[in-house]
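Report on the following structure.
4 protein chains.
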Amino acid sequence: MPFPTYSGDIDTWSTQDFHGKVDLTVTFGGDGTILHASSLFASSDIVPPMLSFSMGTLGFLGEWKFAEYKRAFREVFMSGAAPETRNGVLEPSVPTETSEGGSGLAGWSSIRGKSMGSSRAARVLMRNRLKISMFAADGTPLSSGGVGNSSQQHLHAMNELIIHRGRDPHLAVVEVFVGGRFLTEAVGDGMIVSTPTGSTAYSLSSGGSIIHPLVSSILLTPVCPRSLSFRPLVLPAGTPITLKLSNKNRGRELEVSIDGVRRSEAMGVGMEVRVTGEEIKRSEGSWHGGVPCIVRRGGPAGEGDDGWVGGLNLLKFNYPFGEES
Amino acid sequence: MPFPTYSGDIDTWSTQDFHGKVDLTVTFGGDGTILHASSLFASSDIVPPMLSFSMGTLGFLGEWKFAEYKRAFREVFMSGAAPETRNGVLEPSVPTETSEGGSGLAGWSSIRGKSMGSSRAARVLMRNRLKISMFAADGTPLSSGGVGNSSQQHLHAMNELIIHRGRDPHLAVVEVFVGGRFLTEAVGDGMIVSTPTGSTAYSLSSGGSIIHPLVSSILLTPVCPRSLSFRPLVLPAGTPITLKLSNKNRGRELEVSIDGVRRSEAMGVGMEVRVTGEEIKRSEGSWHGGVPCIVRRGGPAGEGDDGWVGGLNLLKFNYPFGEES
Amino acid sequence: MPFPTYSGDIDTWSTQDFHGKVDLTVTFGGDGTILHASSLFASSDIVPPMLSFSMGTLGFLGEWKFAEYKRAFREVFMSGAAPETRNGVLEPSVPTETSEGGSGLAGWSSIRGKSMGSSRAARVLMRNRLKISMFAADGTPLSSGGVGNSSQQHLHAMNELIIHRGRDPHLAVVEVFVGGRFLTEAVGDGMIVSTPTGSTAYSLSSGGSIIHPLVSSILLTPVCPRSLSFRPLVLPAGTPITLKLSNKNRGRELEVSIDGVRRSEAMGVGMEVRVTGEEIKRSEGSWHGGVPCIVRRGGPAGEGDDGWVGGLNLLKFNYPFGEES
Amino acid sequence: MPFPTYSGDIDTWSTQDFHGKVDLTVTFGGDGTILHASSLFASSDIVPPMLSFSMGTLGFLGEWKFAEYKRAFREVFMSGAAPETRNGVLEPSVPTETSEGGSGLAGWSSIRGKSMGSSRAARVLMRNRLKISMFAADGTPLSSGGVGNSSQQHLHAMNELIIHRGRDPHLAVVEVFVGGRFLTEAVGDGMIVSTPTGSTAYSLSSGGSIIHPLVSSILLTPVCPRSLSFRPLVLPAGTPITLKLSNKNRGRELEVSIDGVRRSEAMGVGMEVRVTGEEIKRSEGSWHGGVPCIVRRGGPAGEGDDGWVGGLNLLKFNYPFGEES
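Just so you know, the sequences run in chain order S, Z, C and A.
Per the numbering used here, residue 424 is the first one in the first sequence, and the count goes up by one each step.
Per the numbering used here, residue 424 is the first one in the second sequence, and the count goes up by one each step.
Per the numbering used here, residue 424 is the first one in the third sequence, and the count goes up by one each step.
Per the numbering used here, residue 424 is the first one in the fourth sequence, and the count goes up by one each step.
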């Protein structure tokens with residue numbers, strides 16, 4: 424076989440061991456499995472393409488049914504997804520291919536045709552991530568504390584960062600800065616900083632809008648705010664956001680979670696989390712940033728099985744009143 | 424004076440008379456005045472820069488207080504905003520200047536420094552518009568029906584397009600297509616297709632999130648939907664959206680409004696509205712699309728009076744509980 | 424037959440012609456039909472029992488399927504629902520049977536057993552109505568203006584009263600008084616004053632909570648308010664509520680609707696609507712106020728087919744995510 | 424002095440020590456202090472009247488400013504609130520004085536005149552409580568586990584009962600039964616069962632409506648539900664509600680809190696909490712149930728300083744847009 428095989432107990436590996444060695448991640452399971460696979464590359468700027476099979480109920484992130492596995496792998500390999508040319512495959516469908524002008528993002532639909540020619544049924548969806556770093560009250564960078572098993576300072580999230588009071592009976596008080604400027608003091612259960620991909624996860628439960636994954640943005644959604652007027656916000660992906668634990672928290676600690684994994688150490692007064700959207704860029708034929716997800720293209724004519732609309736159906740979006748048919 | 428002066432009763436002019444002749448629009452009044460000024464260019468792809476003074480209470484769109492007029496005009500002229508070089512001025516602050524990578528939109532804050540050098544206190548914010556066209560049930564293009572006073576088929580909206588049942592006691596039924604694919608059937612008072620700029624207008628009242636004007640996107644917000652699960656959606660700006668009046672409306676007509684102006688003819692069964700985000704592009708030193716708004720930059724050190732944050736304060740965003748101070 | 428038969432074209436009758444002559448109203452159709460039947464008694468304090476069959480899709484108000492008509496009528500007649508004893512039947516299930524103390528309303532479930540003995544499958548649900556009167560700016564009482572076809576000043580609503588700007592492009596401004604005291608100025612599309620029965624109608628679309636019909640209360644729900652902090656309110660049923668058209672409306676008129684029927688004349692500046700919950704009382708074995716609805720009791724063991732829970736299912740309340748089973 | 428004085432460290436007492444010995448509870452502090460004082464009687468059916476002074480910022484429950492203390496005490500004593508006649512004082516203003524008919528609850532305003540004659544400026548507001556009991560999976564009653572410091576099985580809550588996943592990364596799954604019938608399976612952060620008094624506390628943060636304290640009802644409000652369609656519910660106060668921990672929680676435990684105090688033991692799969700509104704009844708001149716709160720009546724003419732409206736102002740309810748005046 425032309426590719427190396429690694430063996431051993433994956434749990435004993437450092438996640439860095441994967442970086443640069445994996446050409447394709449294949450997941451079997453639900454959204455949790457995909458998030459976990461993504462988290463193995465949380466400290467890396469480069470994430471290999473991900474091919475996800477749902478094994479039972481469909482999730483929002485995974486698109487392929489296991490019965491389709493032959494077609495799925497054929498698509499991947501015929502697309503030239505061999506190691507050395509991997510990145511070239513992703514290129515046509517990267518969302519921010521803005522050569523046609525400044526309007527930024529073309530709709531998912533409009534980029535479908537470019538992906539792999541008319542005979543291909545797969546596309547690559549680049550999911551933006553958050554770039555996260557944490558700092559002590561004195562400005563010292565903090566390690567990720569177990570999330571991502573990494574000593575690296577930058578971590579990435581595919582869904583969201585959450586600051587939450589957990590089981591503490593007192594409300595969390597978090598100062599929110601946007602672009603270096605104080606925006607507001609959030610009082611409540613917590614705060615979510617989410618990607619568009621994460622807009623159908625915890626942000627949705629907290630009242631956030633549903634954002635298409637190709638809208639280059641960051642969501643700021645409060646969790647059970649002690650305010651009648653804290654409407655969720657959507658900011659440009661490049662906006663630097665800082666969440667600082669107010670000294671009104673009086674020595675208490677708040678839980679920090681990244682993509683559903685709680686940081687081993689809670690955060691105390693004065694500590695802060697800085698978040699911004701990960702930059703996706705191309706240099707010398709290779710892509711940095713984002714999680715390239717191999718997604719299906721619909722029926723025989725390829726006329727329009729948009730996974731996002733299918734995901735809305737899973738959410739029972741705008742379900743009509745009345746009896747079951 | 425080196426520039427021509429036109430006189431006459433503006434209300435008797437066709438809006439086309441303005442196009443190409445106006446180098447700078449100055450408004451005195453609130454958001455309604457700005458929307459009206461913008462609507463004079465609803466049928467044009469090119470909108471001259473807009474400088475807006477609030478005369479009483481501050482609005483969300485206008486940023487300058489009248490007392491600042493000297494500084495405001497000085498900024499405009501010193502920036503070189505003479506007719507022949509106008510577009511050059513806008514260039515540095517156009518949001519989608521993505522040379523630094525593919526992440527699309529840089530935050531408002533991060534582009535501030537580029538605008539006119541450190542000595543300048545003004546920036547240009549390009550507000551995306553919607554591009555709207557209407558069609559009869561047989562596919563014939565319809566004129567704008569009084570909105571924009573134009574026979575042109577494409578109209579532009581700075582805030583939103585609204586389809587509403589008006590005073591009709593029956594609920595509106597609107598079929599929503601996204602990227603050419605059926606998404607959902609909206610039953611309720613109506614539907615809003617909004618720009619990020621319009622996210623603080625009617626979409627906000629209808630429960631939509633607040634979207635920063637530099638997030639390249641289109642909002643789909645239902646008005647009083649007959650559903651528990653019609654969460655507002657945010658799509659990429661380039662997504663083609665079609666709203667079609669279902670034949671379940673049974674011969675009734677629905678009101679169509681663009682930026683607050685109701686189309687003289689209502690829409691009937693089978694008629695449809697097609698909307699997409701206007702493309703902003705540059706060619707030969709000149710910019711097409713969008714409404715260039717001249718906005719303030721804060722205090723003496725220019726350190727950060729972001730108009731958007733100020734607008735949130737006007738909305739009484741996340742207003743804390745308790746007594747008035 | 425021991426009862427009189429009236430014939431003729433119902434549409435030419437005054438609604439007063441029905442009052443005192445009808446012992447049982449039977450409706451065939453959906454919620455709209457039931458609302459219409461109820462509106463025929465909008466100007467009367469006494470409403471005969473209502474037996475409602477759904478002919479197609481189930482509604483929220485009607486409970487009987489047409490195939491059950493034999494059982495339904497048998498229940499009504501065996502219950503002694505002959506004209507002369509009609510009111511006695513309703514007594515056991517009137518919600519405010521508060522002999523057990525001051526806690527007010529017993530749950531629907533707890534009163535089920537009292538209704539007609541263990542062998543009966545029907546119950547009577549007394550639906551509270553709103554009592555509505557309108558006044559000119561100078562305090563002169565206004566007629567109902569076509570709603571209820573009545574010259575009487577008091578009208579009753581089973582669902583709600585709505586003040587709405589209709590197709591007017593300007594926002595409605597309504598001053599809200601509660602218990603004679605100014606509460607707030609509502610700015611938006613309009614205001615809803617709703618019964619608990621109406622909480623699943625327009626109030627639901629406008630973001631109101633779902634209130635069980637036996638919670639003695641009035642709902643104040645804004646329609647698309649120009650505010651981030653106008654949370655819906657629920658007040659005691661006896662609270663006097665006044666909605667007054669602010670002179671900020673500048674001569675414009677607002678639409679007034681009662682149970683879905685628009686008043687022929689719109690309301691102008693200074694006019695006001697006064698609303699309170701209709702009092703349900705018993706005197707000399709007869710009941711005044713409320714709409715007595717004959718509702719089903721569930722399966723063979725009568726163990727618990729609560730119509731309200733069934734209604735929630737029709738609303739697709741808390742519909743779980745995931746694929747259709 | 425004609426009344427006994429107890430001294431000692433209150434924290435070492437059993438809460439039962441207070442019961443029957445306290446004639447008037449006076450609190451100095453915010454809502455938390457009032458909740459704490461109320462919790463001292465959580466295991467008692469009879470709660471002495473409560474007079475609450477705010478020491479700094481006004482809360483939603485306490486009404487008196489400390490500077491008013493002379494007037495407040497004078498009102499209490501002149502009203503005859505001596506120990507032996509205490510209950511007589513409360514009578515006139517008990518909300519469910521329904522002699523005028525079955526409509527149940529008269530508005531706060533309408534009962535104001537009855538309270539203590541026109542020369543009195545105080546009223547008593549009976550706040551309904553929840554009656555709560557907990558059971559093991561095998562049906563064995565559980566002790567309150569530290570909440571209320573009591574071995575008694577029934578506990579009472581003035582604000583709410585909360586079941587919450589706390590810091591557990593998995594969503595809580597709670598089966599909700601209403602009136603003995605399965606209503607729905609709640610999946611999310613948790614569930615709130617609240618009194619109307621508690622409607623401005625955590626339920627408000629979770630999206631619930633604002634319910635006037637005299638609406639005899641129970642609120643069911645989900646916390647961050649994993650559903651687009653879980654609208655908050657309001658049920659009659661007498662409705663038996665059961666929350667059961669689904670075995671889908673897979674052995675995990677959920678936090679249970681009563682009026683902000685977390686039960687020392689978490690709850691496991693199969694355990695359930697049963698809640699219903701406390702019955703308020705009068706027997707032999709004495710009142711059982713509810714928390715009698717002595718509230719202010721407004722200005723010189725007593726014409727209408729309704730504390731509830733004042734509370735809405737604290738919440739910044741329907742705060743108008745625009746600049747600060």
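From the three backbone atoms N, C-alpha and C, an ideal C-beta is built for every residue, glycine too.
Note that the structure is a prediction, hence the values are computed from the model and not measured.
So which of GLY482(C), GLY479(C), LEU642(C), GLY455(C) has the shortest CA-CA distance to PRO592(Z)? As a working note, residue 592(Z) is residue 169 in the second sequence. Checking every option, the nearest Cα to that of PRO592(Z) belongs to GLY455(C).
Is the Cβ of PRO646(Z) closer than 8 Å to any Cβ of chain C? Start at 1 with the first residue of the second sequence, and residue 646(Z) comes out as number 223. A small correction: the amino acid at residue 646(Z) is Val; Pro does not occupy that position in the sequence shown. Cβ-Cβ to chain C under 8 Å: yes for VAL646(Z).
Using DSSP's beta-bridge definition, name the partner residues of ILE681(Z). On the second sequence, residue 681(Z) is found 258 positions in, with the first residue counted as 1. According to DSSP, ILE681(Z) bridges with LEU584(Z), VAL684(Z).
Rounding to the nearest angstrom, what Cα-Cα distance links LEU474(A) and ALA660(C) in this structure? One-based indexing of the fourth sequence puts residue 474(A) at position 51. One-based indexing of the third sequence puts residue 660(C) at position 237. Distance between the alpha carbons of LEU474(A) and ALA660(C): 27 Å.
Would ILE634(A) and PRO619(A) qualify as a contact pair, given that the criterion is a beta-carbon distance under 8 Å? As a first step, residue 634(A) must be located in the fourth sequence, where it is residue number 211. As a first step, residue 619(A) must be located in the fourth sequence, where it is residue number 196. Yes, these two residues count as a Cβ contact at 8 Å.
Per-residue DSSP class, three states only, for ILE609(S): Here residue 609(S) refers to the residue found at position 186 when the first sequence is read from its first residue. The sequence as given places Ala at residue 609(S); Ile does not occur at that position. It is a strand residue.
On the CB-based measure, 16 or more other CB atoms within 10 Å of its CB, does LYS739(C) come out buried or exposed? On the third sequence, position 316 is the one that residue 739(C) refers to. LYS739(C) comes out buried.
Heavy atom of the ligand FAD less than 7 Å from the Cβ of ALA559(C), yes or no? Summarising the ligand content, the structure contains no ligands, and the ligand FAD is consequently not present.
Beta-carbon proximity check, MET581(A) vs ARG550(A), cutoff 8 Å: Position 158 of the fourth sequence, counted from the first residue, corresponds to residue 581(A). Position 127 of the fourth sequence, counted from the first residue, corresponds to residue 550(A). It is a contact, given that the beta carbons lie within the stated cut-off.
Compare the C-beta of VAL601(A) with all C-beta atoms of chain C and state if any pair is closer than 8 Å. Locating residue 601(A) in the fourth sequence gives position 178, counting from the first residue. For VAL601(A), the answer is yes, since a Cβ of chain C falls inside 8 Å of its Cβ.
So, at 7 Å on beta carbons, what are the nonlocal neighbours of PRO648(C) in its own chain, with the 5 sequence-adjacent residues on each side left out? The residue labelled residue 648(C) in the question sits at position 225 within the third sequence. Cβ neighbours of PRO648(C) beyond the five flanking positions: ALA609, VAL610, GLY611.
I need the straight-line Cα distance from ASN736(A) to ARG590(C), nearest angstrom please. Reading the fourth sequence from its first residue, position 313 is the one you call residue 736(A). Reading the third sequence from its first residue, position 167 is the one you call residue 590(C). Whole-angstrom Cα-Cα distance: 32 Å.
Is any beta-carbon of chain S found at less than 8 Å from that of PHE451(C)? Locating residue 451(C) in the third sequence gives position 28, counting from the first residue. PHE451(C) does not count as touching chain S.
Exposed or buried, which one is MET478(C) when buried takes at least 16 other CB atoms within 10 Å? On the third sequence, position 55 is the one that residue 478(C) refers to. MET478(C) comes out exposed.
For ASP446(C), count neighbouring C-beta atoms within 10 Å of its own C-beta (all shown protein chains included) and say buried if the count is 16 or more, exposed if not. Residue 446(C) sits at position 23 when you count from the first residue of the third sequence. Its Cβ having fewer than 16 others within 10 Å, ASP446(C) is exposed.
In or out: PHE744(C) buried (at least 16 other Cβ within 10 Å) or exposed? Position 321 of the third sequence holds residue 744(C). Buried is the call here.
If we define contact as Cβ-Cβ less than 8 Å, is GLY745(C) a contact residue for chain Z? Looking up residue 745(C) in the third sequence gives position 322. Chain Z contact via Cβ: absent.
What does the alpha-carbon distance come out to for the pair ALA460(C) and SER632(C)? On the third sequence, residue 460(C) is found 37 positions in, with the first residue counted as 1. On the third sequence, residue 632(C) is found 209 positions in, with the first residue counted as 1. Between ALA460(C) and SER632(C), the C-alpha separation is close to 26 Å.
Can you name, in chain order, every residue of its own chain whose Cβ lies under 6 Å from the Cβ of ALA595(A), other than the five neighbours on each side? Counting from 1 along the fourth sequence, the entry for residue 595(A) is found at position 172. Excluding sequence neighbours, ALA595(A) sits near ARG588, GLY613, LEU677.
I want to verify the contact list: residues of chain S whose CB lies under 9 Å from the CB of LYS671(A), in sequence order. As a first step, residue 671(A) is located in the fourth sequence; it is residue number 248 there, counting from the start. Result: empty, since nearest Cβ-Cβ is about 14 Å, beyond 9 Å.
Cα separation between ASN741(S) and ARG654(Z)? Taking the first sequence and counting its residues from 1, the one referred to as residue 741(S) is at position 318. Taking the second sequence and counting its residues from 1, the one referred to as residue 654(Z) is at position 231. Their backbone Cα atoms lie some 7 Å apart in a straight line.
For ILE664(A) versus VAL698(A), is the C-beta spacing smaller than 8 Å? Residue 664(A) sits at position 241 when you count from the first residue of the fourth sequence. Residue 698(A) sits at position 275 when you count from the first residue of the fourth sequence. In contact: ILE664(A) and VAL698(A) (Cβ atoms closer than 8 Å).
Close-in-space but distant-in-sequence residues of the same chain around GLU598(C) (CB under 6 Å, 5 per side omitted): In the third sequence, counting from the first residue as 1, residue 598(C) sits at position 175. Closer than 6 Å at Cβ, skipping near neighbours: GLU608, LYS667, SER669.
ALA689(C) classed as buried or exposed, judged by whether at least 16 other C-beta atoms fall within 10 angstroms: Counted from its first residue, the third sequence places residue 689(C) at position 266. Classification of ALA689(C): buried, given that the 10 Å Cβ count is 16 or more.
Cβ of SER628(A) less than 8 Å from any chain Z Cβ? Position 205 of the fourth sequence holds residue 628(A). False, the Cβ-Cβ gap to chain Z never drops below 8 Å.
Since LEU578(A) and SER466(A) are thought to touch, with beta carbons under 8 Å apart, how far apart are those beta carbons, to the nearest angstrom? Here residue 578(A) corresponds to residue number 155 of the fourth sequence, with the count starting at 1. Here residue 466(A) corresponds to residue number 43 of the fourth sequence, with the count starting at 1. With 8 Å as the limit, LEU578(A) and SER466(A) qualify as a contact, their Cβ atoms being about 6 Å apart.
If you draw a straight line from the C-alpha of VAL657(S) to the C-alpha of HIS711(Z), how long is it? The residue given as residue 657(S) occupies position 234 in the first sequence. The residue given as residue 711(Z) occupies position 288 in the second sequence. Each residue's Cα considered, the two are about 26 Å apart.
Do we get a CB-CB distance below 8 Å when we pair SER687(C) with the residues of chain Z? Translated into the one-based positions of the third sequence, residue 687(C) becomes position 264. For SER687(C), the answer is no, since every Cβ of chain Z falls outside 8 Å of its Cβ.
Between LEU738(S) and chain A, is any beta-carbon pair separated by less than 8 Å? Numbered from its first residue, the first sequence carries residue 738(S) at position 315. Yes, its Cβ sits closer than 8 Å to a Cβ of chain A.
List the residues of chain C that LEU656(A) touches, going by C-beta distances under 9 Å, in chain order. Sequence index remark: in the fourth sequence, residue 656(A) carries index 233 (1-based). Under the 9 Å cutoff, chain C gives SER632, ILE633, ILE634, HIS635, LEU735, PHE740.
Whose C-beta lies closer than 8 Å to the C-beta of GLY674(S) among residues of the same chain, with five residues either side of it excluded? In the first sequence, the residue the question calls residue 674(S) occupies position 251. Answer for GLY674(S): GLY691, VAL692, listed in chain order.
Run down chain C in chain order and give the residues with a C-beta less than 9 Å from the C-beta of SER652(Z). Here the question's residue 652(Z) lines up with position 229 in the second sequence. Neighbours of SER652(Z) on chain C, chain order: LYS739, TYR742.
Nearest-angstrom Cα separation, counted from GLY452(A) out to TYR492(A): By one-based count along the fourth sequence, residue 492(A) stands at place 69. By one-based count along the fourth sequence, residue 452(A) stands at place 29. If I take the Cα positions, the gap works out to 13 Å.
ASP561(C) burial status per 10 Å Cβ neighbour count (16 or more: buried): The residue given as residue 561(C) occupies position 138 in the third sequence. Exposed is the call here.
Near LEU406(Z), which residues of its chain fall below 7 Å by C-beta distance, leaving aside the five closest residues on each side in sequence? Outside the shown range of chain Z (424 to 748) lies residue 406(Z), about which nothing can therefore be said.
In this structure, how does DSSP classify LEU637(C) when only helix, strand and coil are distinguished? For the purposes of this step, residue 637(C) is taken as residue 214 along the third sequence, with counting starting at 1. If DSSP states are grouped into helix, strand and coil, LEU637(C) belongs with coil.
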